[in-house]
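Reading through the structure tokens given below for one structure.
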Amino acid sequence: MLTAGFGKASITPPAGTPLAGYAARVDPSRGVHDDLYARALVLDDGRRPLVLVSVDVLALSADLVRRLRDGIRRRTGVTADGVMIAATHTHAGPVTMRTFCHPDERMDPAYAERFAAAVEQAAATAWESRAPSRVGIGSGTVSGVGVNRRSPGGVPVDEEIGLIKIEDIAGRTRGALVNFACHPTVLGPDNLLVSADFPFYAIARIEERLGAGSFALFVNGAEGDVSMGHSSELSAIGVITPGRTFERAEELGHRLADAALEALPGIACLDAQVLAGIRTTLALPLKTYPPLKEAARAAAEAAAEADRLAAAGAPWAEVGAARTRRLYASIMRYFATETRDLNGHLPIEVQAVRIGDALFVGAPAELFVEIGLRLKREARQRLFVIGLANGYIAYFPTRAAHATGGYEVISSLVTEEAEDRLAQHVRAVEAQVFA
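Mind the numbering: the sequence shown is residues -15 to 419 in our numbering, read in order.
Below you can see the structure in the form of structure tokens.
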């Protein structure tokens, strides 16, 4: 019989912690709106246990994931093949790694120790709380949460909510994993309160409705170009737009939760499911970047121009355009630095977790939603995409998006060939897992 367990531990940073996600935000946090957590779900068939971990942060480096997996293995015995660790991608959490929007930031060492201990404790609690359970895979749909921010019509989006439902042996729903593709960026660059954004409200509502002792955790999907519709360029340079409030986050979180709760009763659960997890490596074609000195010079010139126009009181259209050029030049300098030893290819981990007849594919990137939809469409089995899993390589645009450019394309390391390489790889991994 299957057993399942759940655990969570607080990863809430102290006030004064730098917040991750917006390049233009320079002030640290001033307080906590809602606590951040590491949440873990364990599924165990006695042979190939799985640990699925959701962490309320922007992103996780591959090095940090290796450390966390080692700690989880020591506490539970579950090897890395069966451990998937995904960031929810909140933009109101602590800095946990250097990124293109935080090239000079580092994870605070003292917080890093507490963070790692909390993630390991969440997994250990889940392992120790295992109880006979029934597990089912299904989905619901929800509209009006995500908007394609690169499209004038706001589409395409992925309205599917992937669900792992856990019942006890009496048939009572104990909890669920919720998979949905959307940036948690209701809160903008002016927000200085720690928060999980709309997933906080979604998880709280699901747990409230399921009753005492229940649990829920959120994992993101292919959310690269999906948010609430706010311009990524304007957010990145610090422009404040209307509607980026906690009230709006609550509204959207409840909408997602209600759709998930509506779908859960229709998901059939079994007391025996095939479990498996594998990790594979995919080498992606890397963009060509200018020499580091040239990239640094361009970034310095763009920064000087933006400062000069602002000091001269130039029209906002000119200042905003200059700040965008400064941002893009800074990103190019960062990527030129980070890729100088990679020899044209970027190796990434693609993890596949099988639960029954469903496959959960984890990728360390912000996949564009069209790629997620393609992976689902081309799969022979039911497939769900978990983005920002086991590392972070920034954005992963479609082949078509490379031709139009923009913030997400500038903030991507891979070429237009990467989409097809990933799709081919996932098809091969699916065949291997279900062989």
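All C-beta atoms in this analysis are idealised placements derived from N, C-alpha and C, irrespective of residue type, glycine included.
Item, Value
"What is the DSSP secondary structure of residue 417, reduced to helix, strand or coil?", "helix"
"Does DSSP put residue 408 in a helix, a strand or coil?", "helix"
"By alpha-carbon positions, which one of 138, 120, 165 and 35 ends up nearest to residue 155?", "120"
"Check this for me: beta carbons of residue 71 and residue 110, under 7 angstroms apart or not?", "no"
"Going by DSSP in three states, residue 271 sits in which element: helix, strand or coil?", "coil"
"Restricting to runs no shorter than 4 residues, where is the alpha helix (DSSP H) found entirely within the stretch 295 to 368?", "300 to 322 and 353 to 362"
"Output the distance between the C-alpha atoms of residue 289 and residue 151, rounded to the nearest integer angstrom.", "60 angstroms"
"Thinking C-beta only, is residue 212 closer than 7 angstroms to residue 178?", "no"
"What are the partner residues of residue 437, as DSSP defines its beta bridges?", "The shown model of the chain, from -15 to 419, leaves out residue 437, and the question about it has no answer."
"For residue 417, which option in 264, 312, 358 and 355 has the closest C-alpha, if you only look at C-alpha atoms?", "264"
"Per DSSP, what are the beta-bridge partners of residue 99 in this structure?", "Residue 99 pairs with nothing; no bridge assigned."
"Just curious, the alpha helix (DSSP H) that residue 59 is in, first and last residue?", "46 to 60"
"State the start and end residues of the unbroken beta strand (DSSP E) segment that holds residue 193.", "Here residue 193 belongs to no beta strand (DSSP E); instead the alpha helix (DSSP H) covers 182 to 194."
"Return the Cβ separation of residue 210 and residue 131 in integer angstroms, given the expectation that the two are a contact with Cβ distance under 8 angstroms.", "7 angstroms"
"I'd like the span of the beta strand (DSSP E) that includes residue 64, first residue to last.", "Run containing residue 64: none; DSSP gives neither H nor E here."
"Taking its Cβ as the centre, do 16 or more other Cβ atoms sit within 10 Å of residue 145, making it buried, or is it exposed?", "buried"
"Return the residue from the list 407, -11, 330 and 80 that minimises the CA-CA distance to residue 115.", "-11"
"Measure how close the beta-carbons of residue 241 and residue 190 come, nearest whole angstrom, since I'm counting them as under 8 angstroms.", "5 angstroms"
"Going by other Cβ atoms of all chains shown within 10 Å of its Cβ, with 16 needed for buried, is residue 128 buried or exposed?", "exposed"
"Flag this pair as yes or no: are the beta carbons of residue 352 and residue 208 separated by less than 7 angstroms?", "yes"
"Looking at the unbroken beta strand (DSSP E) that takes in residue 429, where does it start and where does it end?", "Here the chain covers residues -15 to 419 and nothing more, so residue 429 does not appear."
"Leaving out five residues before and five after residue 139 in sequence, what residues of the same chain have Cβ atoms less than 7 angstroms from its Cβ?", "132"
"Which whole-angstrom value describes the C-beta separation of residue 323 and residue 273, a residue pair presumed to lie in contact below a C-beta threshold of 8 angstroms?", "6 angstroms"
"From residue 180 to residue 162, what does the alpha carbon distance come to, in whole angstroms?", "15 angstroms"
"Decide if the stretch 28 to 48 is in contact with the stretch 59 to 78; the criterion is three or more beta carbon pairs, one per stretch, under 8 angstroms apart.", "yes"
"Heavy atom of the ligand PLP less than 6 angstroms from the Cβ of residue 183, yes or no?", "You won't find the ligand PLP in this model; it holds no ligand whatsoever."
"What do you reckon, are the CB atoms on residue 356 and residue 206 nearer than 7 angstroms?", "yes"
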